[in-house]
Structure formats: C-alpha cells, structure tokens
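Presented below is the structure to which this report refers.
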Amino acid sequence: MTDADCIFCKIVAGDIPSTQVRETERVIAFRDLYPKAPTHVLVIPKDHYANVAELAAADPALAGEVLAVAAEVAAAEGVDGPGWRLFANTGADGGQDVFHVHFHVVGGKPLGPMVAA
Ligand code: AMP
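Per this note's numbering, residue 145 is the first one in the sequence shown, and the count goes up by one each step.
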C-alpha cells in the first residue's frame with residue numbers, strides 16, 4: 145500500500161535517501177532531516193496510512209509493532225535511561241506536515257514542557 149505522492153513512501157522505496165537506523169519486515173526508522181534534539185528519529189510503517197487513527201483502525205498489530213520499534217530505537221540511541229518523548233502529530237492543529245503516519249522519537253536533552261502554552 146503506497147501513495148505515489150508521499151515522501152515517506154519514497155523513502156521506504158529507496159527513491160529518496162534517508163539515514164536508516166532500524167528496519168523490520170513492516171517498519172522502518174530513520175533520522176529526521178531537521179533534528180530538533182540530539183536524538184530525533186522517525187518510526188513509520190512501510191505501508192501508507194495517513195495518520196495514527198487510520199493505522200490503528202486498519203492494523204492495530206502494526207501500530208503495536210511501530211511502538212515496539214520506537215522503544216528499540218530509544219534504547220539503541222541510549223536515551224531510554226535519561227528519558228525520551230514519543231509523539232505523532234496529527235492533522236493541522238497537531239502540526240502534521242507529512243501525511244504518512246510517523247512517530248517522532250526525541251531525546252538526548254531535557255525536552256521541556258509537552259506543548260507550548
Ligand atoms: P510532522 O510535522 O510531524 O509531519 O513531521 C514531519 C517530519 O519529517 C519533520 O520533523 C521533518 O523534519 C521530517 N522530514 C521531512 N522530510 C524528510 C526527509 N526527507 N527525511 C527525513 N525527515 C524528513
């Protein structure tokens with residue numbers, strides 16, 4: 145399941161380069177091109193789902209795999225001790241720019257409050 149216009153589908157296909165840090169049969173993790181913290185990795189299902197709600201409704205097991213890979217990435221990056229943040233921006237108010245569901249794994253420094261006041 146791919147979307148020809150989706151930048152993350154192109155990363156999955158290898159048509160756009162990325163710095164991959166982990167891969168399973170159905171999930172990949174790669175470094176964010178514009179990192180907001182020392183560790184900033186995106187974890188995505190290879191199949192195209194626009195957002196968390198679509199993924200969870202269509203394939204909850206795959207959603208769980210994505211979360212498991214996110215935790216593996218945090219451990220591999222060494223941020224599981226000091227702490228890290230996992231989030232999936234969703235929709236316009238959520239600040240979602242790329243409409244292929246992705247979880248941000250962010251850490252490596254104190255991250256401050258969860259949202260701007
Ligand atoms: P969001 O705003 O939650 O949709 O996050 C999209 C993220 O994708 C941003 O943090 C971007 O920096 C990141 N991004 C955009 N294009 C690329 C790319 N080609 N490779 C890696 N990360 C990217």
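From the three backbone atoms N, C-alpha and C, an ideal C-beta is built for every residue, glycine too.
Note that this is a predicted model, so its numbers are computed, not measured.
Residue from the options with nearest C-alpha to residue i
{"i": "F174", "options": "N195, E216, A261, A197", "result": "E216"}
{"i": "F231", "options": "L177, I155, V187", "result": "V187"}
{"i": "T163", "options": "C150, H184, D147, A194", "result": "H184"}
Residue i vs residue j beta-carbon contact at 8 Å
{"i": "H192", "j": "H244", "result": "yes"}
{"i": "G225", "j": "A181", "result": "no"}
{"i": "P189", "j": "R170", "result": "yes"}
{"i": "A214", "j": "V242", "result": "no"}
{"i": "V196", "j": "T168", "result": "no"}
{"i": "W228", "j": "A218", "result": "yes"}
{"i": "I172", "j": "I160", "result": "no"}
Where the beta strand (DSSP E) through residue i begins and ends
{"i": "F152", "result": "That residue, F152, is in no beta strand (DSSP E); its alpha helix (DSSP H) goes 151-157."}
{"i": "G239", "result": "Run containing G239: none; DSSP gives neither H nor E here."}
{"i": "L230", "result": "228-231"}
Range of the contiguous alpha helix (DSSP H) that encloses residue i
{"i": "L186", "result": "Unbroken run through L186 is the beta strand (DSSP E), 183-189; no alpha helix (DSSP H)."}
{"i": "L211", "result": "204-221"}
Residues with a Cβ closer than 5 Å to any heavy atom of the ligand AMP, in chain order? D176, L177, Y178, N233, Q240, D241, V242
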